[in-house]
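In my numbering, the protein residues as written are 955 to 1225. See structure below.
So, in structure tokens, the structure goes:
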């Protein structure tokens, strides 16, 4: 069994609250990234007290209310399916705070965590705040929604982004990595990928490998799966007929995204 591929579970922790994915530093090879997927029925509430962690709460689908005990943000969420390809709303909550998420409709929520020592203000990240960009050429095209990029000082450690990759295209490609603290050329950032496909019975392939091949796994990834990237290159290939969505969380000792392309495959950028 892969140590890097997490299949979804259905862990109902209270009425209307189901934990689908739960990646922590205790149950994974990651030290800087934590990740949860929580499904909420209408009216159901999920709450947490953050220790020395910050959290970005992403309304993946459906509508939610979010509070940190002081501020209240209502009717967040913009889509019933991620494949509407419109940005969504998120809320950043800093360390040593409590938050509560309530389902307004049936909702899927992503909770993205990283270590944090300096308390920062809670912030609503509206859909309209997302930077939207198209990347790549030929069979390397993808649409990106930047929720928490490194240019946004809202967070201490977290970087959060959504990526859509079209049928027959490649993403996170050419293979690149960010596993060395070697600035300004490369930063050390762990990463998680939460995947969905359209139509939902589809799959993608993701490879995670290091130069010395101490990590070298190629995984068949299905709807709701999470892939963990503690180190190494991590390209994604999308079969014909299907569209890929993934939500990335990155974090490390320095909040900057500087990646290094696999020299063997960097030539594709020069076509």
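Ideal Cβ positions, reconstructed from N, Cα and C, are used throughout, including at glycine. Quick caveat: nothing in here was measured; it's all calculated off a predicted structure.
According to DSSP, what are the bridge partners of residue i?
i            : result
residue 1198 : 1119 and 1151
residue 1007 : 1069
residue 1018 : 1030 and 1057
residue 1163 : 1170 and 1187
residue 969  : Note: residue 969 sits in no beta bridge, so no partner.
residue 1142 : 1133
When you compare only the Cα positions, how much space is there between residue i and residue j?
i            : j            : result
residue 1104 : residue 1137 : 14 Å
residue 1170 : residue 1179 : 18 Å
residue 1216 : residue 1045 : 35 Å
residue 1161 : residue 1150 : 17 Å
residue 1168 : residue 985  : 18 Å
residue 1102 : residue 1047 : 12 Å
residue 1213 : residue 1139 : 7 Å
residue 991  : residue 1165 : 31 Å
residue 1159 : residue 1122 : 11 Å
residue 1118 : residue 1026 : 30 Å
For residue i, tell me which candidate among the options has the shortest Cα-Cα distance.
i            : options                   : result
residue 1195 : 1156, 972, 1180 and 988   : 1156
residue 1112 : 1209, 1003 and 960        : 1209
residue 970  : 999, 989 and 1123         : 999
residue 1197 : 1133, 1025, 1154 and 1188 : 1154
residue 1091 : 1070, 1066, 1063 and 1127 : 1127
residue 1093 : 1038, 1207, 1172 and 1190 : 1190
residue 1010 : 1100, 1173 and 1124       : 1100
residue 1097 : 1188, 1109, 1106 and 1124 : 1124
residue 1199 : 1175, 1110, 997 and 1028  : 1175
residue 1129 : 996, 1224, 1219 and 1172  : 1219
residue 963  : 976, 957 and 956          : 976
Our contact map puts residue i next to residue j with C-beta atoms below 8 Å; I'd like the distance itself, whole angstroms only.
i            : j            : result
residue 1068 : residue 1007 : 7 Å
residue 1077 : residue 1003 : Actually they do not touch by this definition, with Cβ atoms about 19 Å apart.
residue 1148 : residue 1064 : 6 Å
residue 994  : residue 1055 : 7 Å
residue 989  : residue 1146 : 5 Å
Output yes if chain D places a C-beta closer than 9 Å to the C-beta of residue i; else output no.
i            : result
residue 1224 : You won't find chain D in this structure, because it holds only one protein chain.
- [ ] Could you pull out every unbroken beta strand (DSSP E) segment of at least 3 residues lying fully inside the segment 1076 to 1102, listed in chain order?
- [x] 1077 to 1079, 1085 to 1089 and 1096 to 1102
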